[in-house]
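Mapping of the sequence shown onto the working numbering: residues 4 to 338, in sequence order.
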Amino acid sequence: MNGTMARRWYFSKRPEEMIEDDTMVLRDEPVPALEDGQFLFRTLYLSLDATNRVWLSDWDIYMEPVRIGEPMRGFVFGEIVESRNPDFPEGAHAAGLHSWSDHIVTDGAGFSVFPPLDGIDLAEAFAILSVAGPTAYVGLHDIGKLKAGDTVVVSGAAGAVGTMVGQIAKNEGCRVIGIAGSDDKCRMLTEQLGFDAAINYKSENVTDRLGVLCPDGIDLCFENVGGDILDASLTHMKDFGHVVICGLISSYNSSEPIPGPYMFRNLIMRRLTVRGFVILDHEDRFPEAMGALASWMAEGRLTMPLHIIDGLEAAPKALNLLYTGGNTGKLLVRI
Ligand SMILES: NC(=O)c1ccc[n+]([C@@H]2O[C@H](COP(=O)([O-])OP(=O)(O)OC[C@H]3O[C@@H](n4cnc5c(N)ncnc54)[C@H](OP(=O)(O)O)[C@@H]3O)[C@@H](O)[C@H]2O)c1
Numbered sequence: 004m005n006g007t008m009a010r011r012w013y014f015s016k017r018p019e020e021m022i023e024d025d026t027m028v029l030r031d032e033p034v035p036a037l038e039d040g041q042f043l044f045r046t047l048y049l050s051l052d053a054t055n056r057v058w059l060s061d062w063d064i065y066m067e068p069v070r071i072g073e074p075m076r077g078f079v080f081g082e083i084v085e086s087r088n089p090d091f092p093e094g095a096h097a098a099g100l101h102s103w104s105d106h107i108v109t110d111g112a113g114f115s116v117f118p119p120l121d122g123i124d125l126a127e128a129f130a131i132l133s134v135a136g137p138t139a140y141v142g143l144h145d146i147g148k149l150k151a152g153d154t155v156v157v158s159g160a161a162g163a164v165g166t167m168v169g170q171i172a173k174n175e176g177c178r179v180i181g182i183a184g185s186d187d188k189c190r191m192l193t194e195q196l197g198f199d200a201a202i203n204y205k206s207e208n209v210t211d212r213l214g215v216l217c218p219d220g221i222d223l224c225f226e227n228v229g230g231d232i233l234d235a236s237l238t239h240m241k242d243f244g245h246v247v248i249c250g251l252i253s254s255y256n257s258s259e260p261i262p263g264p265y266m267f268r269n270l271i272m273r274r275l276t277v278r279g280f281v282i283l284d285h286e287d288r289f290p291e292a293m294g295a296l297a298s299w300m301a302e303g304r305l306t307m308p309l310h311i312i313d314g315l316e317a318a319p320k321a322l323n324l325l326y327t328g329g330n331t332g333k334l335l336v337r338i
């Protein structure tokens, strides 16, 4: 589109812990004319994900990191405003993994057209279907071998993935206990999202409370946090239980070696299956996951609390909300 300018964030300096003012720089750049096979995408929502910070680290991670000088990578949702690619028609909505930018010219690699979902808010649909919902679905079923009647404990329970895990497990006939960082978040879990119980890890002794709430033990621990919270769940696992290592957010900003888990012996004593996973490896499972998630959404049995920040310029600092517990539900930037 002639004369259109895009704004895009670039990674400029590796942060020591939290994202800082100089971690990224926002640049204006002209939007190039479309070539055959390309389309112009206008971003409506940018997803902020806990793993964004991991991509900026110097760790050996599960995919290419974002290198200094490169555009910041992220999941985006928006509309196709001009197209020379028949698979991505003008006017359709699409979602994909690209850059923190308000306009994107692409050949569609990493993008998919978003299905129209009658009566469902597009931001909520993106929040559920792009990463958090499939992660919860695949983590519970494929990694955690979920079955009806299981006692499930999920940490980071009031966040994007955690709220999905709890509601899906409830929909499948399980008992669910969430662990979160405030009384308000715990109330939301039990009063609005149907969790059986919630533990505020900042004011309660998680190990003791899990002992009281799970007298027969935990079948499935869905771990989003790590550290002491993972230890508390490991202490109360049932024989042959499953521990799904989805995330270890308590360590993502750490530049020091991370100790523990201290209840490692329970891997033997309780004969546990502990398995980490990354959702990007499970694309073949997306059709089933999306189908189930969309049905539950349509039936009103799966909702996502949204935490929306306005303006692309606010994105880097907003990312820190994920590491301070400042968000409830899915953190999105509206552009
Ligand atoms: N394996 C995969 O493919 C995959 C895919 C997506 C996400 N994940 C992982 O899933 C987890 C959740 O990600 P998300 O994007 O959905 O974020 P989120 O849960 O919406 O937000 C992060 C939440 O984590 C909690 N938290 C942050 N630092 C903590 C700490 N030191 N101790 C305890 N709790 C802490 C905070 O809630 P409180 O107020 O409760 O502290 C915060 O709100 C992350 O670990 C992420 O890496 C993994």
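No residue lacks a Cβ here, since even glycine has one placed at the ideal position from N, Cα and C.
Counting along the chain, the unbroken alpha helix (DSSP H) around Ile271 starts and ends at 269-272. Around the beta carbon of Asp222, a 10 Å sphere encloses 16 or more other beta carbons of the protein chains shown; the residue is thus reported as buried. Assignment of beta-bridge partners to Gly279 by DSSP yields Ile248. Residue state for Trp12 is assigned as strand, using DSSP reduced to three classes. A direct Cα-to-Cα measurement between Ala295 and Ile282 gives close to 16 Å. Inter-residue distance for Gly147 and Asn323 is about 29 Å (C-alpha atoms, whole angstroms). Contact between Lys188 and Ala161 holds: their C-beta atoms lie close to 4 Å from each other, under 8 Å.
Cβ neighbours of Gly81 within its own chain (closer than 6 Å, five residues either side excluded): Phe44, Arg45, Thr46, Leu47. Remark: C-beta atoms of Arg273 and Asn174 do not approach each other more closely than 8 Å.
Phe225 is not a Cβ neighbour of Leu125, given a cutoff of 8 Å. With contact defined as three or more Cβ pairs closer than 8 Å, the stretch 254-274 and the stretch 197-204 are not in contact. Counting only the Cα atoms, Ser115 lies some 14 Å from Gly40.
Phe42 is classed as buried because its beta carbon has at least 16 other beta carbons within 10 Å across all chains shown. For Asn203, the enclosing beta strand (DSSP E) has its first and last residue at 200-203. A distance below 6 Å between beta-carbons, with the five flanking residues on each side excluded, links Val155 to the following residues of its chain, in chain order: Ala172, Cys177, Val179, Leu223.
By the 16-neighbour rule on beta-carbons within 10 angstroms, Pro33 is exposed. In this structure, Leu309 lies away from Ala321, with their beta-carbon atoms at least 8 Å apart. The continuous stretches of beta strand (DSSP E) do not include Met66, and DSSP gives it neither H nor E. Gly162 is bridged by DSSP to Gly332. Taking one beta carbon from each stretch, the stretch 125-137 and the stretch 183-197 have fewer than 3 pairs nearer than 8 Å; the two do not touch. In this structure, the alpha-carbon of Ser104 lies about 11 Å from that of Val336. Of the residues Ile232, Pro290, Ile338, the one whose Cα lies closest to the Cα of Asp313 is Ile338. Distance from the C-beta of Asp222 to the nearest heavy atom of ligand 1 is not below 7 Å. The three-state reading of DSSP puts Tyr140 in helix, counting H, G and I together. In its chain, beyond the 5 residues on either side, Thr26, Met27, Leu59, Val69, Arg70, Ile71, Gly72, Glu73, Pro74, Met75 have a beta carbon closer than 8 Å to the beta carbon of Phe14. Within the stretch 17-71, the complete beta strand (DSSP E) runs of at least 3 residues fall at 27-33, 42-50.
Between Arg87 and the set Phe78, Thr109, Ile64, the nearest pair of CA atoms involves Thr109. The three-state secondary structure of Lys188, taken from DSSP, is helix.
For Ala183, the uninterrupted beta strand (DSSP E) segment begins and ends at 178-183. Straight-line measurement puts the Cα of Gly122 at about 12 Å from the Cα of Ser298. Distance from the C-beta of Asp52 to the nearest heavy atom of ligand 1 is below 7 Å. Within a 10 Å sphere around the beta-carbon of Pro262 sit fewer than 16 other beta-carbons, which makes this residue exposed. For the 8 Å CB-CB criterion, Trp12 and Pro319 form a contact.
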